[in-house]
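Its first residue numbered 1, the sequence shown is counted upward by one per residue in UniProt numbering.
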Amino acid sequence: MTALTAYVALFDEKGVLHSFGPGDEPPAWARKKITNPNVWDTIPADDDASGERGGSEDNSSGGGDEPPPLAGPGSGRDHWATYAAKHGVEVAKDDKRDEIVTKLRDAGVRVE
């Protein structure tokens with residue numbers, strides 16, 4: 001099981017706020033909602049619990065075969081880092097979003 005390396009706060013299905021910190025192993029419902037790969041000691045497998053990892057249903061989180069948008073909602077660095085990881089492109093923790101997009105282009109991965 002993977003553990004957190006940073007503090008996160010999430011609302012459950014009833015709207016109750018829950019906080020988790022470094023070393024914690026959140027329950028399955030919380031793991032599905034935590035989409036930032038930088039808060040885990042190792043990136044959780046996509047098949048955790050129900051087989052889904054947070055994000056929205058329109059794939060703006062970089063899930064599936066569609067890349068995240070280059071601008072607007074869902075275009076942040078973390079979405080692109082997740083997309084890069086799914087395509088085997090190595091991303092450093094200090095890489096900016098545009099640097100990640102460039103690495104993906106250089107690797108021949110679709111970015112638009």
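For each residue, glycine too, the CB sits at the ideal point set by N, CA and C.
Residue range of the unbroken alpha helix (DSSP H) whose run includes V8: Careful: V8 lies outside any alpha helix (DSSP H), inside the beta strand (DSSP E) at 8–11.
Where F20 falls, given that 16 or more other Cβ within 10 Å makes a residue buried: buried
Spatial distance of G15 from N36 (CA atoms): 21 Å
Residues near A85 in its chain [Cβ-Cβ closer than 8 Å; skip 5 each side]: P37, I43, V91
Collapsed DSSP secondary structure at L104 in the structure displayed: helix
Alpha carbon of A81 to alpha carbon of K96, nearest angstrom: 9 Å
DSSP-derived helix/strand/coil call for H79: helix
W40 - partner residues in DSSP beta bridges: L4
Contact with chain D by R31, beta-carbon distance below 8 Å: No chain D is present in this structure, which holds just one protein chain.
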